[in-house]
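Numbering of the sequence shown is given in my numbering, commencing with residue 70 and proceeding in unit increments. Below you'll find the structure, written out as structure tokens, and then a few comments.
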Amino acid sequence: MDFFRIEGGRRLSGRVRIEGAKNAALPLMAACLLTDQPVTLRNIKPLADIANMGRLLAELGVDVRPAAGGLTLHSTDPNRVHARYDIVRTMRASICVLGPMLAHRRKAMVSMPGGCAFGHRPVDLHLRGLEALGAKIELRGGDILATCDRLKGNTVFLGGPFGSTVLGTANVLSAAVLAKGRTVIECAACEPEVVELANMLTAMGAKIQGAGSPRLVVDGVDELGGVDHVVMPDRIVAGTYAAAAAITNGDVTLDDFPYDALLASIQHFREIGVHVDRVSGDDPMRCTVRVTSERNLKPTTITTQPHPGFPTDLQAQFMALLCLAEGNSVITEKIYPERFMHVAELMRMGAQLYRQGPTVVVAGGHKLIGAPVMASDLRASASLVLAGLAAEGETIVNRVYHLDRGYHRMEETLNALGARVERLKEEKPQPVEGEPVRGAGSSVATAQFM
Ligand code: EPU
């Protein structure tokens, strides 16, 4: 297993281009199951999750080939409909093959995703939506077995206890495009990744209105064609590198910055004294910004919400940043009330954090001190790396395979900006209390972390 050794206290400066969005790419990849024509996706980095989705699609009869800057996916064998536990358990986003496979092949068997590192993450809304379109759904040996004749349009309410669902909306939307008649999805997720999916499906011949609003109207078509699509930049990667600039009191220019997708985060950066200034670019989803910060950061109050609210996927990174603010900040997690694995690890580095249920008070103004810490999910890992960049002395971030799921060679990007981050290999994995012991050389995560 790889780990990072970070020498803290170096100011970042320079320029970074933001890579394509993993969370947009995964449902776009699954959408290749909706057509017999090739789908080419560009601006994709070879992240672990992208590779896993490629493996899953190959098992589902898709020919997966490299293309310039990405992949070409061509569904050629519609008889292979089983998304097996062995792959699904490595990545929750595997669930997004369910809607496209069902709509086009009329049968799909997808292993039911289990719990994940930040709590119970049900898929009831995905299933409710597909049932409303006429799917017959049963649970068989841990697999969701979904069958249908041609799906039929209907009105579907996709709201749950925490608001809308991003991948649930992607699943139902992808199924509705081939259903007979009109589907109305109410309480649809408004995330930019859903808009991206709607744009690509439209380019394939789908008829969709309202993308980016909570009401999607879909008029089903008989078939979809292929497409060549450039994936949008990753808003969470963009927010993470902006936070890296801020936490080191740096001066970093970010190209292909999806400004319009990050308005709530930019507002919070400004409140605490971090400047995110638009330098150039007419496209609000791919512009150039310069990130600098005031010497003394101010505290703030953050509540995570569905888009366009503050994203849960930047909560951990902002927590690291707010450790350095002069005063007390309050962070409330409203999407995943248990998504706080980074709290105990940041405290090992001297952070003063007080958690009660879904809320953490960050008592700022205490310096961070390097320590060995353990990454436990993708964004928690990013937060520990940020803390390590700002900390006095050396920080060891163990298990960076979590980080590799969503950031392409983060250490290389940070080092090009002047950081000192070394990727090293653990010789012999030590058994960890409460976890199954793995053989040396095994790097497969046993839980789901998406
Ligand atoms: N929920 C339900 N029932 C469902 C589905 C969701 O109750 O059937 C609840 C969830 O438990 C959660 C809330 O609804 O409390 C929102 O979950 P959502 O379904 O929107 O999450 P997701 O679609 O599974 C995507 C991202 C996550 C991101 C969330 C929220 C991908 C591949 N994953 O997950 O990204 O946190 O939306 O924005 O797009 C990450 O990148 O680190 C990550 C976890």
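Note that the Cβ used here is the ideal one computed from N, Cα and C, for glycine as well. The structure displayed is predicted, hence computed values, not measured ones.
Measuring CB to CB, does residue i end up less than 8 Å from residue j?
i, j, result
"Met170", "Ala177", "yes"
"Ala257", "Leu285", "yes"
"Leu383", "Leu366", "no"
"Arg251", "Asp291", "no"
"Leu323", "Ile87", "yes"
"Leu95", "Asp118", "yes"
"Met479", "Leu472", "yes"
"Gly342", "Gly396", "no"
"Thr109", "Arg175", "no"
"Val442", "Val466", "yes"
"Arg111", "Val296", "no"
"Gly77", "Gly462", "yes"
"Val235", "Val253", "no"
"Tyr328", "Pro368", "no"
"Leu214", "Glu255", "no"
"Leu126", "Met98", "yes"
"Gly539", "Asn268", "Nothing about residue 539 can be read from this structure; the chain reaches only from 70 to 519."
"Leu270", "Ala100", "yes"
"Val469", "Ala444", "yes"
"Thr340", "Thr373", "The identity of residue 340 in the sequence shown is Glu, whereas the question assumes Thr. No, the Cβ-Cβ distance between Glu340 and Thr373 is not below 8 Å."
"Gly83", "Lys114", "no"
"Met61", "Leu391", "The structure shown does not extend to residue 61, since the chain is modelled only from 70 to 519, so the question has no answer here."
"Gly232", "Pro375", "yes"
Compute the beta-carbon to beta-carbon distance between residue i and residue j, rounded to the nearest angstrom, for a pair I have assumed lies under 8 Å.
i, j, result
"Val192", "Ile164", "6 Å"
"Phe326", "Ala312", "Wrong, their Cβ atoms sit about 13 Å apart, outside the cutoff."
"Ala451", "Tyr476", "7 Å"
"Thr361", "Asp320", "5 Å"
"Ala172", "Leu220", "6 Å"
"Pro380", "Ile316", "The pair is not a contact, with the Cβ atoms about 18 Å apart (cut-off 8 Å)."
"Val166", "Leu102", "6 Å"
"Ile404", "Phe387", "So it is not a contact: roughly 14 Å between Cβ atoms."
"Pro377", "Cys259", "7 Å"
"Asp488", "Leu458", "Reading off the sequence shown, one finds Ala at residue 488, where the question assumed Asp. So it is a contact: roughly 6 Å between Cβ atoms."
"Gly294", "Thr141", "Not a contact, Cβ separation roughly 14 Å."
"Leu202", "Ala152", "Actually they do not touch by this definition, with Cβ atoms about 19 Å apart."
"Gly211", "Met181", "6 Å"
"Phe73", "Val490", "5 Å"
"Ala449", "His411", "4 Å"
"Ala248", "Gly222", "5 Å"
What's the call for residue i, buried or exposed, on a 16-neighbour Cβ count within 10 Å?
i, result
"Lys276", "exposed"
"Val513", "Residue confidence for Val513 is low, a pLDDT of 34 falling below 50, so the modelled location carries little weight; the figure read from the coordinates is stated next. Classification for Val513: exposed."
"Glu496", "exposed"
"Gly508", "Below a pLDDT of 50, predicted positions are generally treated as unreliable, and Gly508, at 37, falls in that range; the measurement from the model is reported next regardless. With fewer than 16 Cβ atoms within 10 Å of its Cβ, Gly508 is classed as exposed."
"Phe409", "buried"
"Glu363", "exposed"
"Lys91", "buried"
"Ser144", "buried"
"Glu481", "exposed"
"Gln278", "exposed"
"Glu265", "buried"
"Tyr310", "buried"
"Leu493", "exposed"
"Lys205", "exposed"
"Ala137", "exposed"
"Glu414", "buried"
"Gln517", "Confidence at Gln517 is low in this model, with a pLDDT of 40, below 50, so the placement of that residue should be treated as unreliable; the coordinate-derived value is given next. Buried, because 16 or more other Cβ atoms sit within 10 Å of the Cβ of Gln517."
"Thr515", "Residue placement at Thr515 cannot be trusted, given a pLDDT of 34 that sits under 50; the coordinates are not used to answer."
"Pro135", "exposed"
"Gly139", "buried"
"Leu194", "buried"
"Leu81", "buried"
"Arg474", "buried"
"Val85", "buried"
"Asn121", "buried"
Taking the DSSP output, what are the residues bridged to residue i?
i, result
"Ile206", "Ala215"
"Cys356", "Phe326"
"Leu76", "One point to set straight first is that residue 76 is Glu, not Leu, in the sequence displayed. Its beta-bridge partners are Glu463, Arg489."
"Ala432", "Asn397, Gln421"
"Val296", "Val108"
"Leu285", "Ile254"
"His344", "Thr361"
"Gly229", "Gly232"
"Ser371", "Ser is not the amino acid found at residue 371; the sequence shown has Ile there. Answer is Ile400, bridged to Ile371."
"Gly188", "Cys185"
"Ala177", "Ala215"
"Thr309", "Looking at the DSSP assignment, Thr309 forms no beta bridge with any residue, so it has no partner."
Exercise. Fully enclosed by the region 132–173, which beta strand (DSSP E) runs are 3 residues long or longer?
Worked result: 139–144, all fully within the region 132–173.
Exercise. Can you give, in chain order, each stretch of the alpha helix (DSSP H) that sits fully within the region 79–106 and has at least 4 residues?
Worked result: 91–99, all fully within the region 79–106.
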